[in-house]
Ligand SMILES: [Zn+2]
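Here it is, written out as structure tokens:
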């Protein structure tokens, strides 16, 4: 499955994503943890 890193716009294979987390009920994938950290500045991760 191809997924898009919403921070930098890079399209990656989800199995090769460096990081992923649930936000608003959706699993978001990132090309690296730096992109995840940037995303977390504007989106709150689900506690569940
Ligand atoms: Zn990225």
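Numbering (our numbering), first residue to last: 2 to 49.
Don't be surprised by glycine CBs; every beta carbon is placed ideally from N, CA and C.
8 Å or more divides the Cβ of residue 24 from the Cβ of residue 31. Taking every residue with its beta carbon within less than 7 Å of a heavy atom belonging to ligand 1 gives, in chain order, 6, 8, 9, 11, 31, 32, 33, 36. Ranked by how close their Cα comes to the Cα of residue 2, the residues 28, 38, 9 have 28 in first place. In the structure shown, residue 15 falls within a helical segment according to DSSP collapsed to helix, strand and coil.
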